[in-house]
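Worksheet: one structure, shown below.
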Amino acid sequence: MAFEIPNFAPALPEIFVFTMICVVLIVDLFLTDKNRSITYLLSQATLLGAAILSVAIQSSVPEYTFSGTFVNDGMGTVLKLFIYLSTAVVFIYSRDYLIERGLYKGEFFVLALFAVLGMMVMVSANNLLTIYLGLEVLSLAMYAMVALNRDSSVASEAAMKYFVLGSIASGMLLYGMSMLYGATGSLDHTTIASVISEGSSDDIVLKFALVFIVIGLAFKLGAVPFHMWVPDVYHGAPTAITLFISAAPKIAAFAMLMRLLVEGLGGLVEHWQDMLIILAVLSIIIGNVIAIAQSNIKRMLAYSTISHIGFLILGVIAGTSDGYAASMFYVIVYALMSLAAFGMIMLLSRKGFEADTLDDFKGLNQRSPWFAFMMLITLFSMAGVPPTVGFYAKLAVLSAVVDIGLVWLAVLAVIFSVIGAFYYLRVIKFMYFDKAVDNTPINSAYDMKVVMSANGVIILLLGIYPTGLIALCTSVLA
Amino acid sequence: MPLLSLVIWLPILGGLAVLAASRHTTDANIRWMALAVSAVTFLVSLPLFFSFDSSTHEMQFVEMAAWIPTLNINYHLGVDGISMPLILLTAFSTVFVVAAGWEVIKERVAQYMAAFLIMEGMMIGVFAALDSVLFYIFWEAMLIPMFIVIGIWGGPRRVYATIKFFLYTFFGSVFLLIALIYLYFQADKSFAILDFHALKIGMEAQILIFLAFLIAFAVKVPMWPVHTWLPDAHVEAPTGGSVILAAIMLKLGAYGFVRFIMPIVPDASFELDWLIILMSLVAIVYIAFVALVQEDMKKLIAYSSIAHMGFVTLGFFMVFTIFEKTGSIQGAALGVEGALIQMVSHGFISGAMFLCVGVMYDRMHSRNISDYGGVTNTMPVFAAFMLFFAMANAGLPGTSGFVGEFMVILSAFQANFWYAFLAALTLIFGAAYTLWMIKRVLFGEIKNEKVAQLKDLNAREAAILGTLAAAVLILGLWPAPLIDVMHATVNNLLEHVVVSKL
Numbered sequence: 001m002a003f004e005i006p007n008f009a010p011a012l013p014e015i016f017v018f019t020m021i022c023v024v025l026i027v028d029l030f031l032t033d034k035n036r037s038i039t040y041l042l043s044q045a046t047l048l049g050a051a052i053l054s055v056a057i058q059s060s061v062p063e064y065t066f067s068g069t070f071v072n073d074g075m076g077t078v079l080k081l082f083i084y085l086s087t088a089v090v091f092i093y094s095r096d097y098l099i100e101r102g103l104y105k106g107e108f109f110v111l112a113l114f115a116v117l118g119m120m121v122m123v124s125a126n127n128l129l130t131i132y133l134g135l136e137v138l139s140l141a142m143y144a145m146v147a148l149n150r151d152s153s154v155a156s157e158a159a160m161k162y163f164v165l166g167s168i169a170s171g172m173l174l175y176g177m178s179m180l181y182g183a184t185g186s187l188d189h190t191t192i193a194s195v196i197s198e199g200s201s202d203d204i205v206l207k208f209a210l211v212f213i214v215i216g217l218a219f220k221l222g223a224v225p226f227h228m229w230v231p232d233v234y235h236g237a238p239t240a241i242t243l244f245i246s247a248a249p250k251i252a253a254f255a256m257l258m259r260l261l262v263e264g265l266g267g268l269v270e271h272w273q274d275m276l277i278i279l280a281v282l283s284i285i286i287g288n289v290i291a292i293a294q295s296n297i298k299r300m301l302a303y304s305t306i307s308h309i310g311f312l313i314l315g316v317i318a319g320t321s322d323g324y325a326a327s328m329f330y331v332i333v334y335a336l337m338s339l340a341a342f343g344m345i346m347l348l349s350r351k352g353f354e355a356d357t358l359d360d361f362k363g364l365n366q367r368s369p370w371f372a373f374m375m376l377i378t379l380f381s382m383a384g385v386p387p388t389v390g391f392y393a394k395l396a397v398l399s400a401v402v403d404i405g406l407v408w409l410a411v412l413a414v415i416f417s418v419i420g421a422f423y424y425l426r427v428i429k430f431m432y433f434d435k436a437v438d439n440t441p442i443n444s445a446y447d448m449k450v451v452m453s454a455n456g457v458i459i460l461l462l463g464i465y466p467t468g469l470i471a472l473c474t475s476v477l478a
Numbered sequence: 479m480p481l482l483s484l485v486i487w488l489p490i491l492g493g494l495a496v497l498a499a500s501r502h503t504t505d506a507n508i509r510w511m512a513l514a515v516s517a518v519t520f521l522v523s524l525p526l527f528f529s530f531d532s533s534t535h536e537m538q539f540v541e542m543a544a545w546i547p548t549l550n551i552n553y554h555l556g557v558d559g560i561s562m563p564l565i566l567l568t569a570f571s572t573v574f575v576v577a578a579g580w581e582v583i584k585e586r587v588a589q590y591m592a593a594f595l596i597m598e599g600m601m602i603g604v605f606a607a608l609d610s611v612l613f614y615i616f617w618e619a620m621l622i623p624m625f626i627v628i629g630i631w632g633g634p635r636r637v638y639a640t641i642k643f644f645l646y647t648f649f650g651s652v653f654l655l656i657a658l659i660y661l662y663f664q665a666d667k668s669f670a671i672l673d674f675h676a677l678k679i680g681m682e683a684q685i686l687i688f689l690a691f692l693i694a695f696a697v698k699v700p701m702w703p704v705h706t707w708l709p710d711a712h713v714e715a716p717t718g719g720s721v722i723l724a725a726i727m728l729k730l731g732a733y734g735f736v737r738f739i740m741p742i743v744p745d746a747s748f749e750l751d752w753l754i755i756l757m758s759l760v761a762i763v764y765i766a767f768v769a770l771v772q773e774d775m776k777k778l779i780a781y782s783s784i785a786h787m788g789f790v791t792l793g794f795f796m797v798f799t800i801f802e803k804t805g806s807i808q809g810a811a812l813g814v815e816g817a818l819i820q821m822v823s824h825g826f827i828s829g830a831m832f833l834c835v836g837v838m839y840d841r842m843h844s845r846n847i848s849d850y851g852g853v854t855n856t857m858p859v860f861a862a863f864m865l866f867f868a869m870a871n872a873g874l875p876g877t878s879g880f881v882g883e884f885m886v887i888l889s890a891f892q893a894n895f896w897y898a899f900l901a902a903l904t905l906i907f908g909a910a911y912t913l914w915m916i917k918r919v920l921f922g923e924i925k926n927e928k929v930a931q932l933k934d935l936n937a938r939e940a941a942i943l944g945t946l947a948a949a950v951l952i953l954g955l956w957p958a959p960l961i962d963v964m965h966a967t968v969n970n971l972l973e974h975v976v977v978s979k980l
């Protein structure tokens with residue numbers, strides 16, 4: 001068998017990030033706590049460099065390399081850019097928070113960058129094994145991150161739950177993949193797709209494989225009934241980690257959904273469509289209803305995430321390129337909103353104090369009208385009320401399902417989004433209609449305030465003029 | 479000149495400017511600034527009336543620009559004889575709302591003024607939008623400032639009232655959204671409202687769309703039995719909030735009936751017109767009884783609003799019966815025009831009534847009828863105004879309240895005697911609950927110390943109520959200009975509505 005030197009160019013960003021992780025790891029060894037900001041800056045530089053490289057090597061036609069296991073295409077580039085962006089924002093938001101809690105260590109950055117690397121591999125995977133590789137790199141890094149605060153029993157518990165459930169999910173996924181290999185004789189998405197379309201493989205095995213793969217995906221996405229880890233992990237992890245988990249990995253999970261179900265198993269669309277409908281419906285119902293009962297804002301946002309995942313799946317259900325574009329738009333918008341919401345919790349937190357209950361938001365409008373307004377925009381965006389970008393995200397996925405004739409699904413989704421609106425309104429009620437109990441001035445780093453404001457303003461501006469982002473998602477998935 | 483854009487964005491940007499300025503200037507300056515913005519907006523909106531071509535039903539002052547091409551959503555504005563008067567009404571009312579909050583709002587003045595200015599722009603946007611997504615965006619977005627206005631500056635149960643208000647309306651509008659998306663695909667991926675008008679739709683789909691629209695608009699009007707949010711919202715809202723709710727927001731629902739339901743799904747409207755007529759008559763008769771027993775003045779006026787809005791929906795949906803009986807659209811046009819005039823007139827009268835209650839509330843901090851009595855002894859000028867508006871509310875000839883109701887009742891006779899009979903009862907009930915309240919509040923002995931110390935209207939209050947009184951009188955005595963403006967549009971609407979779209 002002749003061995004060809006693979007074309008490394010499409011994987012340049014991954015190679016760069018991996019190299020930089022090693023550099024950060026080594027450099028950090030020689031730094032004292034005072035100079036930790038060098039690690040921080042290096043990590044940010046890594047993300048910036050990766051972004052530049054990703055843009056530089058972008059290609060309009062898919063480029064395959066490493067014997068077809070790796071792909072560089074338009075969707076991949078856009079998703080990676082948003083992964084870098086949200087991670088960079090996470091670094092900015094969490095810096096003060098980590099310093100105040102003694103967690104501002106090299107490990108955080110190294111693990112986060114490893115997670116980024118895992119996500120990048122997932123996004124670019126064109127082979128079952130590549131997907132699995134990316135997923136495990138991401139997951140292992142995240143398990144460790146959740147447990148980063150080792151003295152906190154809540155965090156350890158969350159990490160344990162996350163690890164056990166995550167491993168089961170990986171197992172399911174792997175089992176499904178092995179069956180898929182058995183049925184089609186290939187691990188390569190492109191080959192699998194063509195074998196399925198020929199119809200020569202065993203249908204029963206394929207369907208079994210599909211069931212396990214969908215379960216694995218649902219676990220990773222946090223869709224009901226595989227959502228149990230989400231509230232515990234969101235609640236237990238330090239807020240900085242929750243912020244990280246809630247944004248970028250969702251983008252990667254969307255990519256995994258696209259690569260596996262749409263590109264690999266596109267031929268089985270009627271089968272996975274029904275499964276996804278069940279996942280979406282349950283997620284939207286359970287997420288929105290249970291969120292109402294939460295008094296901890298991190299748990300509330302965790303349940304809100306579950307319902308957002310339900311909406312995200314709606315677009316994929318449609319099985320049309322408009323639908324995929326809608327879901328992609330949704331996941332990007334969701335990441336933006338999630339960053340703003342969890343970022344606000346960190347903005348209000350300070351040394352020895354976590355602003356993670358709803359009561360901590362009381363009277364925010366008195367304390368800081370500007371940040372209360374930013375949070376107001378974010379919450380209305382999550383509820384899908386115009387003129388915020390969350391409205392277009394909902395509009396796009398709803399039109400995708402109405403397009404394929406599933407009007408009942410759209411109706412059900414919107415009814416539960418009204419129920420969902422209630423708990424967002426409740427937070428606004430605390431911020432605007434109640435008197436402040438805690439009048440400590442809001443002190444945080446200048447850059448955090450600027451980015452936080454930009455985050456909120458972008459949610460509003462994209463709500464007024466979403467054209468560019470929508471067109472971008474449509475064009476890469478056309 | 480993009481007149482409509484100007485009328486929409488001037489108050490919105492003005493509101494933002496007020497917010498931005500609040501850090502650097504005093505509350506007094508903020509008030510003047512807000513008043514200037516609202517006054518300029520009203521002046522800018524006047525050319526809409528004076529250069530309006532009333533001979534055509536075509537959309538005028540049209541603006542069109544691509545906005546989100548991938549979804550074929552456009553920034554498409556335009557007005558016809560139905561929407562133009564409502565835009566003027568909105569711009570007119572906001573000036574009074576700003577003036578009404580002059581002294582009583584002491585906390586967070588800039589936020590209060592900004593909320594109303596931004597809301598003004600959005601409400602005008604609803605009336606001017608010709609793209610249904612643009613319509614929906616304005617329609618939903620204006621909930622946000624209203625939610626905040628009631629929640630921050632409202633009464634003791636403000637949180638309950640404002641969340642109820644928001645969820646009720648939000649619940650209604652999500653069905654509207656689904657219907658719009660459905661129509662988008664039917665209309666070959668177009669969100670233009672005028673394209674929807676031309677669309678052929680099957681009966682089953684028409685009925686479902688009708689119901690979806692009905693939920694959205696009936697909640698907003700509000701029609702019995704989905705009216706329960708209104709008394710709560712009105713009672714808890716600050717005076718300005720009540721005025722905007724009654725004068726404009728309720729009209730938005732009614733506007734939806736003529737802009738969406740009747741032209742888009744005429745066959746379903748024909749099929750189900752009995753439902754709307756029934757709901758309207760229940761609102762007119764039953765709600766009037768409910769109004770009679772209210773102890774709270776604001777609640778009483780809120781219920782009277784529901785009854786009056788019942789007239790509006792009745793006027794719209796009698797069209798089908800009249801056309802079936804007479805075969806001509808002229809008789810039906812009378813009802814629709816009456817309903818539209820009733821909308822404008824109710825905007826003046828209910829706004830004025832809420833302002834009157836606000837004037838008393840500012841002095842006494844009570845809205846209970848039983849706390850008052852003999853107010854006319856200490857506030858004679860005010861009493862005269864309030865009596866005048868109460869008479870208008872009861873439909874006294876010579877006031878604008880009479881014109882609309884009379885036209886609707888007149889056309890109801892063509893539809894069915896009993897419709898007309900029940901509708902005409904409102905003149906009696908309306909007089910009963912309004913005047914009984916007037917008797918208990920204004921007349922009789924001075925009830926208590928507080929009433930004895932009341933001071934009469936100051937110049938600002940007198941100017942507000944005086945202007946509104948003039949408006950009510952002018953529209954009552956000489957409604958012709960308003961009818962002229964509407965005539966071509968209404969005729970076109972009816973010609974369109976009576977043709978089957980199956």
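So the protein lines, in turn, are chains A and B. My numbering numbers the first residue of the first sequence as 1 and each following residue consecutively. My numbering numbers the first residue of the second sequence as 479 and each following residue consecutively. For glycine and all other residues, C-beta sits at the position ideal for the given N, C-alpha and C. For clarity, every value in this text was computed on a predicted model and none was experimentally measured.
Beta strand (DSSP E) segment containing residue i, residue limits
i	result
V772(B)	Here the sequence assigns Gln to residue 772(B), which means Val is not the residue at that position. Segment: none, Q772(B) is in no beta strand (DSSP E) and carries neither H nor E.
E63(A)	E63 to T65
Local conformation of residue i per DSSP, three classes
i	result
V976(B)	coil
T32(A)	coil
M542(B)	strand
R350(A)	strand
V743(B)	coil
L778(B)	helix
V331(A)	helix
V485(B)	helix
Exposed unless 16 or more other CB atoms sit within 10 angstroms - verdict on residue i
i	result
Q931(B)	exposed
P489(B)	buried
R509(B)	buried
K698(B)	buried
L980(B)	exposed
I906(B)	exposed
Terminal residues of the alpha helix (DSSP H) in which residue i lies
i	result
L608(B)	Unbroken run through L608(B): none, as it is neither H nor E.
E100(A)	G74 to E100
E585(B)	Run containing E585(B): none; DSSP gives neither H nor E here.
N871(B)	P858 to N871
N507(B)	D505 to F528
G556(B)	From DSSP, G556(B) is part of no alpha helix (DSSP H) but of the beta strand (DSSP E) over I551 to V557.
C-beta atoms of residue i and residue j nearer than 9 angstroms
i	j	result
S368(A)	I459(A)	no
A480(A)	K250(A)	Residue 480(A) is absent from the structure shown; chain A starts at 1 and stops at 478.
heavy atom of the ligand ATP below 8 angstroms from residue i C-beta
i	result
D33(A)	Ligands displayed in this structure: none; no statement on the ligand ATP is therefore possible.
Between the region 683-703 of chain B and the region 802-812 of chain B, do three or more beta carbon pairs fall short of 8 angstroms? no
Can we say the region 650-657 of chain B touches the region 401-417 of chain A, given the rule of at least three CB pairs closer than 8 angstroms? yes
Would the region 303-311 of chain A and the region 446-464 of chain A be scored as touching if the rule is three or more Cβ pairs under 8 angstroms? no
Does the pairing of the region 125-132 of chain A with the region 257-272 of chain A give three or more beta-carbon distances under 8 angstroms? yes
Report yes or no: do the region 564-572 of chain B and the region 621-641 of chain B share at least 3 C-beta pairs separated by less than 8 angstroms? no
Quick one: any contact between the region 771-778 of chain B and the region 865-878 of chain B, if contact means 3 or more CB pairs under 8 angstroms? Fewer than three pairs of CB atoms, one per stretch, sit closer than 8 angstroms, so the region 771-778 of chain B makes no contact with the region 865-878 of chain B.
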